[in-house]
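Residues in the sequence shown are numbered from 1 upward in steps of one, following full-length UniProt numbering.
Backbone N, C-alpha and C fix where the C-beta goes; we use that ideal spot for every residue, glycine too.
Bear in mind that the values here come from a model prediction, so they are computed numbers and not experimental data.
Step one of this worksheet: look at the structure below.
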Amino acid sequence: VDTYFSEFSLINICVLWSCLSGGSRCLVLITVFFQIICVLLLINNILLHITITAERDLIKSYKNTVEEFNQTINSLQDNYTDLMIEIHQLQNNFNSLSQKNLETRVKDLTAEKKQLHRDFDFLNKKGTVFFFMSMIEIHQLDSRQYCRDRGADLVIINTEEKQSNYTDFFSERVWIGLSDREDEGNMKWVDNSTLKQGFWLNGEPNNQGGNEDCIELMPSNPVLNNWNDLPCSVERKWFCEK
């Protein structure tokens with residue numbers, strides 16, 4: 001603007017000088033002078049418009065950037081809040097699940113303890129020692145040999161009390177020390193004593209196929225009706241009695 005005023009002053013001096021020198025020439029100079037002034041004002045207005053527009057666009061862009069930044073901050077804050085809520089819920093679920101698992105474990109251990117007490121009482125009745133319950137299945141001859149190698153033999157069940165106790169004690173089908181392998185139809189225990197009382201399934205023993213000479217106990221059946229004859233080559237678990 002100062003430059004414009006300086007130019008204006010210089011032109012003004014020139015115009016005055018020309019007016020003093022001659023009349024018509026003065027009018028021409030005045031006309032040119034005002035034209036120059038209009039051009040300068042137009043240029044100045046254009047420059048001001050460009051400057052103001054640029055500043056306005058810059059302010060608008062800055063404002064948009066600030067708004068986007070604030071929106072991002074708010075979104076992150078919301079996500080953080082949601083995440084903390086989820087973490088809190090997961091922690092509560094974990095604590096609840098851990099407590100539930102702990103209570104279940106305590107309950108299971110309590111039941112197991114009671115069962116062990118019952119088994120211990122059963123295993124020590126009348127001074128009898130029971131010392132091995134198999135975890136694998138083999139045929140009857142090998143199971144008996146296993147027991148005999150350890151100074152024992154397959155279990156003998158010759159009373160209703162023992163039958164009831166063993167049925168409660170066992171959870172899977174097992175060999176017992178009874179067979180008619182030596183004399184078909186003449187059941188004998190491993191101590192060579194003759195069977196006096198049996199606890200057979202209905203229809204057993206039936207010697208199906210002509211080779212069912214060994215006896216298993218099936219605890220899932222009624223207590224006094226759970227013996228079954230089957231081939232000695234079938235694999236079952238077993239229990240040694242000493």
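**Request:** For phenylalanine 199, name the three-state secondary structure that DSSP assigns.
**Result:** In this structure, phenylalanine 199 counts as coil in the three-state DSSP scheme.
**Asked** When burial is assigned at 16 or more other CB atoms within 10 Å of the CB, is valine 174 buried or exposed?
**Response** Buried: at least 16 other Cβ atoms inside 10 Å.
**Request:** Could you pull out every residue in the same chain whose Cβ sits closer than 8 Å to the Cβ of leucine 141, ignoring the five residues on either side in sequence?
**Result:** Within the same chain, leucine 141 has close Cβ partners Cys232.
**Asked** What do you get for serine 143, buried or exposed, if any count of 16 or more other CB atoms within 10 angstroms of its CB means buried?
**Response** Looking at its Cβ environment, which holds 16 or more other Cβ atoms inside 10 Å, serine 143 is buried.
**Asked** Mind pulling the beta strand (DSSP E) runs of 3 or more residues that sit fully within the UniProt domain "C-type lectin" (125-241)?
**Response** Counting whole runs of 3 or more residues, the UniProt domain "C-type lectin" (125-241) contains the beta strand (DSSP E) stretches 130-133, 174-179, 214-217, 227-230, 237-241.
**Prompt:** Whose C-beta lies closer than 6 Å to the C-beta of isoleucine 138 among residues of the same chain, with five residues either side of it excluded?
**Reply:** Around isoleucine 138: Glu235.
**Asked** Going by other Cβ atoms of all chains shown within 10 Å of its Cβ, with 16 needed for buried, is cysteine 38 buried or exposed?
**Response** The residue in question, cysteine 38, is exposed, as its Cβ has fewer than 16 Cβ neighbours within 10 Å.
**Message:** Given a cut-off of 7 Å on the beta-carbon distance, is the pair aspartate 153 and aspartate 180 in contact?
**Reply:** No, Cβ-Cβ distance for aspartate 153 and aspartate 180 is not below 7 Å.
**Request:** Mind the definition here: the region 220-232 touches the region 162-174 only if three or more C-beta pairs lie below 8 Å; say whether that holds.
**Result:** The region 220-232 vs the region 162-174: in contact.
**Prompt:** Where isoleucine 11 and isoleucine 36 are concerned, what is the direct C-alpha to C-alpha distance, given to the nearest angstrom?
**Reply:** Since pLDDT at isoleucine 11 reaches only 49, below the 50 mark, its modelled position is unreliable, and the value read off the structure follows with that caveat. Cα to Cα, isoleucine 11 sits roughly 10 Å from isoleucine 36.
**Request:** Would you tell me roughly how many angstroms separate the C-alpha atoms of threonine 72 and asparagine 93, rounded to the nearest one?
**Result:** Straight-line measurement puts the Cα of asparagine 93 at about 31 Å from the Cα of threonine 72.
**Asked** If we count the other Cβ atoms within 10 Å of its Cβ and call it buried at 16 or more, is methionine 135 buried or exposed?
**Response** It counts as exposed.
**Item:** Own chain partners of threonine 194 with C-beta closer than 8 Å, once the 5 adjacent residues on each side are dropped
**Value:** Once the five neighbours on either side are set aside, the close Cβ partners of threonine 194 are Asn186, Met187, Lys188.
**Request:** Taking 7 Å as the cut-off, decide whether the C-beta atoms of proline 205 and aspartate 229 are in contact.
**Result:** Contact: yes.
**Asked** isoleucine 85: buried (16+ other C-beta within 10 angstroms of its C-beta) or exposed?
**Response** Exposure of isoleucine 85 is indicated by the presence of fewer than 16 other C-beta atoms within 10 angstroms of its C-beta.
**Message:** Rounding to the nearest angstrom, what Cα-Cα distance links cysteine 240 and valine 106 in this structure?
**Reply:** Per the coordinates, the alpha-carbon of cysteine 240 lies some 32 Å from the alpha-carbon of valine 106.
**Request:** Give the single residue among Leu58, Phe132, Phe33 whose Cα lies nearest to the Cα of aspartate 149.
**Result:** The shortest C-alpha separation from aspartate 149 is found at Phe132.
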